[in-house]
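Just remember that the numbering used here sits 1474 ahead of the position in the sequence shown, which is counted from 1.
Quick reminder that beta carbons are idealized off the backbone N, C-alpha and C, glycines included.
Small disclaimer: the values here were computed from a predicted structure and weren't measured.
Here's the structure we're looking at; comments come further down.
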Amino acid sequence: MTRHFNKTTFVGHLGGDPEMRYTPAGTPITTFSVASNDQYTNEKGETIKTTTWFRCAAWGKLGEICNQYLHKGSKVLVEGRLTPDKKTGHPRIWTRQDGTATADYEVRVAEIYFLDSRNGNGSDGGASAEVQLTPAEDEIPY
């Protein structure tokens, strides 16, 4: 088994419903965006809130599970590896409609934990799944 040392872990909420597609070889892949919020107090005593968006891709059986159980607003913990822009090796940089620059962080999902519980209070833990990262990166259909 290959070990990857490029690993990221974050908690957030889905910004929209997941979308499942299939590679030409028939492998399912589900994509979804997760917003991770953070806040801190700066040196002036002001509370600064930030949101980092992660574009996630879950492959195979894990992708099918994500497509079946996740929806807009679902709270998740995601573990995976960052996938850099193939041209630059960095996050994908783009310009928003208001003219400000931003970056997309793309994550290849290795494990995901569903943090929403059936009773809505988050104490139920959730589900997890782990898959090997075998499909070629070139097969991502987006």
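If the five residues before and after residue 1590 are omitted, its C-beta is found closer than 6 Å to the C-beta atoms of 1548 and 1549, all from its own chain and listed in chain order.
Counting only the Cα atoms, residue 1499 lies some 31 Å from residue 1509.
Contact annotation, residue 1484 with residue 1544: C-beta distance approximately 15 Å; criterion of less than 8 Å not satisfied. When the alpha-carbon of residue 1537 is set against those of 1501, 1565 and 1580, the nearest one is in 1501. Fewer than three beta-carbon pairs drawn from the segment 1557 to 1564 and the segment 1485 to 1499 are found closer than 8 Å, and the two stretches are therefore not classed as touching.
Under the three-state reduction of DSSP output, residue 1580 falls in the strand class. Each residue's CA atom was taken as its position, placing residue 1527 and residue 1552 some 12 Å apart.
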